[in-house]
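Quick note: the sequence shown uses my numbering, first residue 617, plus one each step. For every residue, glycine included, the Cβ atom is placed at its ideal position computed from N, Cα and C. Keep in mind that this is a model prediction, so the values were computed, not measured. What follows is a short report on a single structure.
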Amino acid sequence: MRLALFNDHRPGVVLGDELIDVSSIVHPLPAEAGGAWAVWLAAGSGTAALERALLSDALPRHPLDSVRLCAPLPRPGKIIAAPVNYLDHKIEMSEQKTIAEYGVFLKANSSVIGPGDAIELPYSDKRIDQEGELGIVIGTGGRTIPVGDALDHVAGYLGLLDISVRSTEDRSTRKSFDTFTPMGPWIVTADEAGDADDLQLDCWVAGEHRQSVSTAEMIFGVAELVAYASSVMTLHPGDVIASGTPAGVGPLADGDEVRLTIERLGTLVVSVTGQGAIPYGDRPIPSTASIATSTS
Ligand code: MN
């Protein structure tokens, strides 16, 4: 089942070329409150009742191309991310370590945007890259989840872009700017996604085919990511895990279109704008000199 939010964050289920408005069954919630699906996941509702309701003719149906899709989880509780989880990306970045040594990091949940939205480049003179990734949506939460049970905690999957400034700050800074986590176009429930450890992932920027990989190449697969993350922090329903990017990351420029397609999960398309970008040197931090003199 494909769980979407559309127009003013109304919940809908996508079936073929149609979107079925399920806001009479799944209570709509504003984006600031996490959106309808986050609460639905937390309630452990499952898809059975929803599937029954879809058989009814009473629910409003819209052609998919007539609605405006939004991020299906506009404000996840946590966005947990894998730093180096493909060997080819380790090589291209000249990394000495992988997720096994780095662990996971957090992205701000205020960085989420949805289909058709724009990535806003913060700096005019720093490289800012696309990273196409499989996003894992937690259903049932938990702590210290064994690998063998981990897939039972996954509600579904989505396409996710982990946008990243190449600068010296910690990952959580470089990857947490507003608009830096496009997600969508919808959540595909785990039963429909099938084996998420073997999905073809492709990413294009301005028509250039930059990334092409099977998620089978991940160093930590889906179950290992869930188990590892839960060994550090309690996972809650609606949390999202960004599973890391393969080789082929590269700079974004004003006017680019970024397209991420993951097999069985759909295609996420967002734009890029450089409007409002400032020189890196103009970012609002105290100068080294003022730090030195203020600690006398
Ligand atoms: Mn990443």
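*Check the C-beta distance from A843 over to V770 and give it rounded, since I have them as a contact under 8 Å.*
Incorrect: roughly 11 Å between the Cβ atoms, too far for contact.
*What are the uninterrupted segments assigned as alpha helix (DSSP H) that are 4 or more residues long and contained completely in the segment 663 to 736, given in chain order?*
The segment 663 to 736 contains these whole alpha helix (DSSP H) runs: 664 to 670, 703 to 708 and 715 to 718.
*How long is the line joining the alpha carbons of T911 and P902, rounded to whole angstroms?*
With a pLDDT of only 49 at T911, under the threshold of 50, the placement of this residue in the model should not be trusted; the figure read from the coordinates follows. Between T911 and P902, the C-alpha separation is close to 13 Å.
*asked:* Rounded to whole angstroms, what is the Cα-Cα separation between P644 and A652?
replied: 5 Å
*Can you tell which of V720, P699 and D741 has the C-alpha that lies nearest to the C-alpha of E711?*
Answer by Cα proximity: P699.
*So, I636 versus V642, is the Cβ gap smaller than 8 Å?*
no
*asked:* Is it the case that the segment 782 to 794 contacts the segment 815 to 824, given that we only count it when at least three CB pairs across the two stretches are under 8 Å?
replied: Of all C-beta pairs linking the segment 815 to 824 to the segment 782 to 794, fewer than three are shorter than 8 Å, placing the two stretches out of contact.
*asked:* Following a CB-centred definition, is A697 positioned closer than 7 Å to any heavy atom of the ligand MN?
replied: In this structure, A697 has its CB closer than 7 Å to one or more heavy atoms of the ligand MN.
*Starting from the Cα of R626, find the closest Cα among P688, M617 and D633 and give me that residue.*
The option with the nearest alpha carbon to R626 is P688.
*Can you give the Cα-Cα distance for S846 and D898, rounded to whole angstroms?*
Within the model, the alpha-carbon separation for S846 versus D898 is close to 39 Å.
*What is the DSSP secondary structure of A771, counted as helix, strand or coil?*
strand
*When you compare each of L868, M849, T797 and D681 to G860 by their alpha carbons, which one comes out closest?*
T797
*Going by C-alpha distance, which of L815, D768 and R691 is nearest A654?*
R691
*Would you kindly work out how many angstroms separate the C-alpha atoms of G662 and D768, rounded to a whole number?*
12 Å
*Indicate whether T883 and D870 have their beta-carbon atoms separated by less than 8 Å.*
no
*asked:* For a test of your reading of the model: does the CB of D778 fall under 7 Å from any non-hydrogen atom of the ligand MN? Yes or no.
replied: yes
*Examine the Cβ distances between the segment 713 to 732 and the segment 742 to 756 and report whether three or more of them are shorter than 8 Å.*
no
*Would you mind sorting A730 into buried or exposed? The rule is 16 or more other CB atoms within 10 Å of its CB.*
A small correction: the amino acid at residue 730 is Gly; Ala does not occupy that position in the sequence shown. Buried is the call here.
*Going by alpha carbons, who is nearest to L881 out of P676, L750, K723 and C686?*
L750
*Cβ atoms of K742 and S788: under 8 Å apart, would you say?*
For the pair S788 and K742, the CB atoms are not nearer than the 8 Å cut-off.
*How far does the alpha helix (DSSP H) with S740 in it reach, from first residue to last?*
From DSSP, S740 is part of no alpha helix (DSSP H); its letter is neither H nor E.
*Provide the residue(s) that pair with R626 in DSSP beta bridges, ordered along the chain.*
F622
*Let me know the secondary structure DSSP gives T911 once reduced to three states.*
Confidence at T911 is low in this model, with a pLDDT of 49, below 50, so the placement of that residue is unreliable and no value is reported for it.
_Would you say the beta carbon of E833 is closer than 7 Å to some non-hydrogen atom of the ligand MN?_
When distances are taken from the beta-carbon of E833 to the heavy atoms of the ligand MN, even the shortest one reaches 7 Å or more.
*asked:* Going residue by residue through the segment 767 to 855, where are the continuous beta strand (DSSP E) segments of at least 3 residues, counting only ones entirely within it?
replied: 770 to 777, 797 to 805, 816 to 821 and 824 to 830
*Report back the beta-carbon spacing between F622 and R684 to the nearest angstrom; my notes put them in contact at under 8 Å.*
Between F622 and R684 the beta-carbon gap is near 6 Å, inside 8 Å, which marks them as a contact.
*Alpha-carbon spacing of V753 relative to P801, whole angstroms*: 13 Å
*Going straight from the alpha carbon of A812 to that of S682, what length do you get?*
30 Å
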